[in-house]
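J.: Going by the working numbering, the first residue of the sequence shown is number 8, and it counts up by one from there.
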Amino acid sequence: QAKQSGRNAICFFDPLMQADMLRRVHLERGLRRAVHDGGLTLHFQPQVGPDGDILGYEALLRWPHPEQGPIGPGVFIPIAEQSRLIIPLGRWLLQAAARQLAAWARDPATRALTLSVNISSVQFRHDDLVAAVREALETTGAPAERLKLEVTESLLMEEPDQVCATMERLRALGVHFSLDDFGTGFSSLAYLQRLPLDELKIDQSFVQSLEQAPAADAIVGSIIGLARSLSLHVIAEGVETETQRTRLAAHGCHRYQGYLFGAPAPLA
Ligand code: C2E
Ligand code: MG
Ligand code: MG
Ligand code: MG
C-alpha cells in the first residue's frame, strides 16, 4: 500500500515540470553568484524629446550568462523576486545608477541627463528603499533630481497607504517617479492623484497597436489627456515607427523611447 502511494506520488511529478524546476534552481544559483560577483551589467536606452534630442536614459539590466548566453530580465527578474535576491540586486542597481549620474554631472555636455531605474514591487515592499536611495546618493554625490524611479501599478495592490508614504519620503530626497507600463494594471484614478508622480509611461502594447487598432488611438489619447490634467509628463515606450511617433505627437505626447530612437545598449 505504502509502496503504491509512493509510486503514485512520484508519478505526480511531470518530468517537464521537474526539468523546469531544476532549471530554475540552476538559474537562481547562477544569479546569486552574478549579483555578488558583479556579473550583471546595465544597458541604456535613450529617452528623447520632440526634436529627437536625448533627455536621458532608462537603465535596463542584462545578465551575460557564461554558458547560456545573455539572459533577459523577463526571465531573471521573476527569479530574483521569488528568491529575494532582488534586494541586493536592487541595491547594486541604485549604486550603479547613482555612480553614472554623478559622472554625467561632472561634464557640462551631460549634466542635464536623467536616468530612470526600474524598482520592483518586491524590492519596494521588502527593502528599506529610502535608506538604499539615500545611501546611493550620498556615497556618489549624484544629483537626486536626475534620478527617476520607475514603479508599476502592481505596487498599489497591497497597502497603498504605506506605499504612498514611502514615495513621499523618497520624493523629499529629491528623486522623481514615473509610472511604468501605464494602462496595463490596476489603475485607480484616486491614487494617481494622491501619489507624488512626475510622469506616466504609456505601455508599449498601446503604442504598438496604434497602427492596427482604432481603440488604441483613443486609449493613448485619453492617457495623454489624463496626464495633462494631472500636470504629469507623459512618455511613450516601445516607439518603433515614424507613424507611431506622428500619432503620439498629434495627441500631445512629446517624449519617446523605443527602437526608432535607439535600442538598449552598453553606454560606450
Ligand atoms: P520595462 O521597464 O517596461 O522596459 C521596457 C522594455 O521594452 C525593455 O525590455 C526594452 O528593451 C524593451 N523595448 C524598448 N524599446 C522597444 C521597442 O521599440 N520595441 C520593443 N518591442 N521593445 C522595446 P527589457 O530590457 O527586456 O526589460 C523588460 C522588463 O524587465 C522591463 O520592462 C522591466 O520591467 C524589467 N527590468 C529591466 N531592468 C530592470 C531592473 O534593473 N530592475 C527591475 N526591477 N526590473 C527591470
Ligand atoms: Mg521601465
Ligand atoms: Mg515599461
Ligand atoms: Mg514594459
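Beta carbons are placed, not taken as given, at the ideal position from N, Cα and C, and that holds for glycine.
On a CA-only basis, which of Asp187, Asn125, Asp114 and Met174 is nearest Asp135? Give me that one, please.
T.: Of Asp187, Asn125, Asp114 and Met174, the residue nearest in Cα terms is Met174.
J.: How many whole angstroms separate the CB atoms of Arg69 and His50, which I take to be in contact at a CB cut-off of 8 Å?
T.: Indeed they touch by this definition, with Cβ atoms about 5 Å apart.
J.: CB-CB under 8 Å to Ala270, same chain, minus the five flanking residues each way: which ones, in chain order?
T.: Around Ala270: Gln52.
J.: Distance check for Glu35 and Gly13, CA to CA, integer angstroms please.
T.: Residue placement at Gly13 is flagged as unreliable, the pLDDT there being 49, under the threshold of 50; a coordinate-derived value is accordingly withheld.
J.: Report buried or exposed for Asp187, applying the criterion of at least 16 other Cβ atoms within 10 angstroms of its Cβ.
T.: The residue in question, Asp187, is buried, as its Cβ has 16 or more Cβ neighbours within 10 Å.
J.: In this structure, how does DSSP classify Gly265 when only helix, strand and coil are distinguished?
T.: Of the three classes helix, strand and coil, the one that applies to Gly265 here is coil, per DSSP.
J.: Please state whether DSSP places Ser123 in a helix, a strand or coil.
T.: Three-state DSSP puts Ser123 in a strand.
J.: At a threshold of 6 Å, does Leu177 count as lining ligand 6 (C-beta to nearest heavy atom)?
T.: This structure does not include ligand 6; its bound ligands are ligand 1, ligand 2, ligand 3 and ligand 4.
J.: I need the DSSP call for Ala149, collapsed to helix, strand or coil.
T.: In the structure shown, Ala149 sits in coil (DSSP, three-state: anything other than H, G, I, E or B).
J.: Hey, would you say Phe189 sits closer than 7 Å to Asp210, going by beta carbons?
T.: Yes, Cβ-Cβ distance for Phe189 and Asp210 is below 7 Å.
J.: Determine the direct distance from the alpha carbon of Ala256 to that of Asp58, and round the result to whole angstroms.
T.: Distance between the alpha carbons of Asp58 and Ala256: 11 Å.
J.: Taking one C-beta from the segment 107–120 and one from the segment 82–96 each time, how about it: are there three or more such pairs within less than 8 Å?
T.: As far as the Cβ criterion goes, the segment 107–120 does not touch the segment 82–96, which means the pair count is below three.
J.: When every heavy atom of ligand 2 is checked, does at least one fall within less than 6 Å of the C-beta of Asp224?
T.: No, the beta carbon of Asp224 sits no closer than 6 Å to any heavy atom of ligand 2.
J.: Any heavy atom of ligand 3 inside 6 Å of the beta-carbon of Asp135?
T.: No, ligand 3 has no heavy atom inside 6 Å of this Cβ.
J.: How is the beta strand (DSSP E) around Arg69 delimited, first residue to last?
T.: Arg69 -> beta strand (DSSP E) spans Ile61 to His72.
J.: Judging by CA-CA distance, which residue of Arg178, Pro167 and Val82 is the nearest neighbour of Val32?
T.: It is Val82.
J.: Using only Cβ atoms and a threshold of 5 Å, which residues come within that distance of a heavy atom of ligand 2? Order them by chain position.
T.: In chain order, the qualifying residues are Asn125, Glu157 and Asp187.
J.: Using only alpha-carbon positions, find the residue among Ser195, Leu154, Gly148 and Glu152 that is nearest to Met164.
T.: Checking every option, the nearest Cα to that of Met164 belongs to Ser195.
J.: How would you label Gly181, buried or exposed, when you count the other beta carbons within 10 angstroms and need 16 or more for buried?
T.: Per the 10 Å Cβ criterion, exposed.
J.: Can you give the Cα-Cα distance for Gln8 and Gln25, rounded to whole angstroms?
T.: Low local confidence applies: a pLDDT of 43 at Gln8 is under 50, so the model's placement there is unreliable, and no value is given.
J.: In whole angstroms, give me the CA-to-CA distance for Gly79 and Asn125.
T.: Whole-angstrom Cα-Cα distance: 14 Å.
J.: Is it buried or exposed for Leu177, if we count other Cβ within 10 angstroms and need 16 for buried?
T.: Classification of Leu177: buried, given that the 10 Å Cβ count is 16 or more.
J.: With a CB to CB cut of under 8 Å and the five nearest residues on each side skipped, what residues in its chain are close to Ile230?
T.: For Ile230, where only same-chain residues beyond five positions count, the Cβ hits under 8 Å are Phe189, Gly190, Leu207, Ile209, Phe213 and Val241.
J.: Does the beta-carbon of Glu244 have 16 or more other beta-carbons within 10 angstroms, so that it is buried, or is it exposed?
T.: By the neighbour-count rule (16 or more Cβ atoms within 10 Å), Glu244 is buried.
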